[in-house]
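Structure record follows, encoded as structure tokens.
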Amino acid sequence: MCGIVGYIGTQNAKEILLRGLEKLEYRGYDSAGIATRDEQGVTVTKAQGRIAELRKETEKAGDGSTGIGHTRWATHGVPNYDNSHPHQSSSKRFTIVHNGVIENYEELQQAYIPNVELKSDTDTEVIVQLVEHFSNEGLSTEDAFTKVISLLHGSYALGLLDSEDSETIYVAKNKSPLLVGIGNGFNVIASDALAMIQVTSEYKELKDQEIVLVQRDSVVIKDLEGNHIDRESYTAEIDASDAEKGVYSHYMLKEIHEQPAVMRRIIQEYQDEEGNLKIDPEIIKDVHEADRIYIIAAGTSYHAGLVGKEFLEKWAGVPTEVHVSSEFVYNTPLLSEKPLFIYISQSGETADSRAVLVETTKLGHKSLTITNVAGSTLSREADHTLLLHAGPEIAVASTKAYTAQIAVLSILSQVVAKEHGREADIDLLRELAKVTTAIETIVDDAPKMEQIATDFLKTTRNAFFIGRTMDYNVSLEGALKLKEISYIQAEGFAGGELKHGTIALIEDGTPVIALATQEGVNLSIRGNVKEVVARGANPCIISMEGLEKEGDTYVIPHVYDLLTPLVSVVSLQLISYYAALHRDLDVDKPRNLAKSVTVE
Ligand code: F6R
């Protein structure tokens with residue numbers, strides 16, 4: 001989703017901003033722009049499409065040592081030049097970049113600036129025009145900015161330049177992420193530490209509705225009443241090289257390949273010195289005291305939650321519900337007396353999930369966030385956090401975060417089970433080690449997955465994924481992966497459900513990818529395959545050692561039955577990757593999608 005960077009120092013801001021924006025490309029965007037300030041004033045350069053286009057445009061831009069930059073994922077108004085950021089006020093004195101959605105921008109426009117002619121269709125332009133309006137009424141820039149912040153409803157991360165003040169970037173946020181990076185003789189702003197990790201690893205978190213004056217040698221944080229706030233900085237533990245593609249042609253491929261290493265890291269991080277699984281006792285206590293767990297998540301993280309529910313119920317013995325966050329917030333079910341909310345989010349920034357967290361916190365319910373990003377909004381605002389330790393996930397299509405989420409949920413459930421005195425029927429550490437090796441086998445079999453993509457998906461318009469029990473959960477994720485990067489219309493179904501309607505869509509040659517890794521339902525899913533084959537489907541059966549039958553398309557190594565999602569999904573990730581590659585599509589940055597969905 002939209003990304004913000006800013007720099008104030010002594011070096012050429014343009015190059016630092018462009019490199020920062022390139023690092024934010026993974027979040028998804030459809031236009032980009034920068035504003036730099038030199039002795040001549042502020043120069044705005046924008047371009048539709050990729051940062052490469054913006055780079056070409058900026059050849060003419062000035063060499064100022066202060067600037068702000070933005071990647072835009074369209075919410076208000078189509079992705080064209082006028083709607084791209086930065087936006088300027090009518091006199092061009094003020095220049096702004098904004099992430100988020102202002103809910104009351106039309107009311108504010110009517111109330112304060114009805115006669116100002118707007119150049120774009122964006123809510124953002126209203127913000128910068130309001131700053132100019134209050135400045136024209138005699139307020140200082142800081143006071144005008146503060147006044148505007150006090151009027152805005154909605155989500156925002158903002159960076160503002162004043163062409164009459166070379167010393168300051170004015171910054172504020174509400175619900176949208178924004179950090180200030182601390183340098184030696186310079187400071188930066190970024191919606192994500194990854195964007196500026198090349199220039200600094202020291203960051204200050206910003207809280208909602210604070211006014212921040214970022215200058216070359218200082219960062220002043222104030223509340224809306226003007227009171228100064230002290231804030232310690234922290235070191236962002238990101239290895240800059242983690243954010244590079246290395247030898248891989250795409251981040252997605254790199255991240256699929258990283259999964260065995262991520263499994264090993266998780267096993268290590270969640271083990272004590274005696275080799276036992278460990279989880280913060282406070283978390284265990286909250287799970288122990290909960291009469292029901294509500295897992296809240298979106299997209300791939302929701303699919304991981306579906307698998308986690310099985311662990312929490314079957315191993316830990318805690319009734320668990322899994323909800324799509326964007327629905328839960330508007331249609332909250334009847335809650336149990338002592339619920340615990342688990343938020344699963346790779347980015348830790350998903351606005352839909354955060355909206356639920358805000359509500360459940362108001363109600364006084366305990367919360368745990370499972371995320372890949374330490375210090376992210378969901379992590380900061382929940383009572384507890386469990387980290388995924390997956391390293392930055394750059395490709396828009398989530399892969400290693402999904403398997404990491406499932407692994408962490410399995411560990412949580414087993415530790416709770418042990419603390420509850422429930423007899424463990426598996427040695428999870430041993431089984432996760434087997435899973436790691438199995439993932440390695442599949443990654444090594446990438447050429448076979450490429451062949452499957454060729455045989456089944458090269459020209460098709462649609463595809464179905466079917467499975468039962470654990471395989472059903474994975475079929476949902478397999479279908480999501482395929483549709484988001486290959487644009488093939490793909491749906492996941494419970495094997496037994498097809499005949500209740502969807503089977504009408506099966507035609508000659510329709511690919512049906514069936515997962516058959518669950519012993520208890522092996523015969524039934526194979527029966528479902530026969531049903532679709534009888535209607536002309538082209539079946540691709542992915543089974544597991546010990547359950548395979550002649551003619552199966554691919555057989556994954558044997559792992560413990562509840563842990564099969566960690567392994568079978570890797571074959572589906574690779575098949576989707578190659579299907580998109582064969583169609584010559586932008587695998588890492590699929591159309592219309594954003595990595596970090598910070599608007600509701
Ligand atoms: C799909 C994908 C999305 C995310 C969803 C939630 O590959 O990545 O479906 O899973 O947008 O994002 P997080 O996990 O960051 O809350």
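Residue numbers for the sequence shown, in full-length UniProt numbering: 1 to 600. C-beta: ideal position from N, C-alpha, C; glycine also. Computed from a predicted model, the values in this text were never measured in an experiment.
Going down the chain, each residue whose beta-carbon is closer than 5 Å to a heavy atom of the ligand F6R shows up: 298, 299, 300, 301, 345, 346, 347, 350, 397, 398, 597.
Secondary structure of residue 521 (DSSP, three-state): helix.
For secondary structure counted as the alpha helix (DSSP H) over 4 or more consecutive residues, the region 287–365 holds these complete runs in sequence order: 299–314, 325–328, 351–362.
Counting only the Cα atoms, residue 497 lies some 31 Å from residue 414. Linking residue 514 to residue 539 through their CA atoms gives a straight-line distance of about 7 Å.
In this chain, the alpha helix (DSSP H) harbouring residue 478 covers 470–486. The Cβ atoms of residue 33 and residue 163 do not sit closer than 9 Å to each other. In the DSSP secondary-structure assignment, residue 66 is bridged to 8, 37. For residue 162, there is no enclosing alpha helix (DSSP H); the enclosing beta strand (DSSP E) has its first and last residue at 156–162. Per DSSP, residue 121 lies in no beta strand (DSSP E) and is assigned neither H nor E.
Scanning the region 172–198 for uninterrupted beta strand (DSSP E) segments of 3 residues or longer gives 179–182, 187–190, listed from N- to C-terminal end. Of 346, 381, 351, 65, the smallest CA-CA separation from residue 362 is found for 381. Contiguous beta strand (DSSP E) elements confined to the region 201–252 occur at 202–205, 211–214, 219–222, taking only those with 3 or more residues.
In this structure, residue 104 keeps its C-beta atom at 9 Å or more from the C-beta atom of residue 54. Non-local C-beta neighbours of residue 231 in its own chain, meaning closer than 6 Å and more than five positions away in sequence, comprise 204, 221, ordered along the chain. Counted as a single uninterrupted DSSP element, the beta strand (DSSP E) harbouring residue 491 occupies residues 489–494. Scanning 341, 416, 542 for the CA closest to the CA of residue 311 turns up 416. Boundaries of the beta strand (DSSP E) around residue 97: 94–99. Between residue 251 and residue 395, the C-beta gap is smaller than 9 Å, which places the two residues in contact.
Separation of the CB atoms of residue 429 and residue 277 is rounded to 7 Å, and the pair is thereby assigned contact status at 8 Å.
Annotation for residue 467: no alpha helix (DSSP H) segment contains it, though the beta strand (DSSP E) segment containing it runs 462–467.
Judged by beta-carbon spacing, residue 576 lies beyond the 9 Å limit of residue 442, meaning their Cβ atoms are not closer than that value.
Less than 9 Å separates the beta-carbon of residue 159 from that of residue 6.
Residue 409 places its beta carbon 9 Å or farther from that of residue 261. Here the region 2–18 does not lie against the region 555–575, with fewer than 3 beta-carbon pairs under 8 Å apart. Inclusion of residue 308 and residue 296 in the CB contact set at 9 Å is not warranted, their separation being larger than that value.
Cβ atoms of residue 352 and residue 325 come within 8 Å of each other, at about 4 Å. In the DSSP annotation of this structure, residue 392 is not part of any beta strand (DSSP E), being labelled neither H nor E. In the three-state scheme derived from DSSP, where H, G and I count as helix and E and B as strand, residue 285 is classed as helix. At the C-beta level, residue 468 and residue 506 stay beyond 9 Å of one another.
Judged by their CB atoms, residue 437 and residue 573 are not nearer to each other than the 9 Å cut-off. At the C-beta level, residue 199 and residue 189 stay beyond 9 Å of one another. Fewer than three Cβ pairs drawn from the region 106–118 and the region 168–184 lie within less than 8 Å of each other, which leaves the two stretches out of contact.
The beta carbons of residue 493 and residue 456 sit no closer together than 9 Å.
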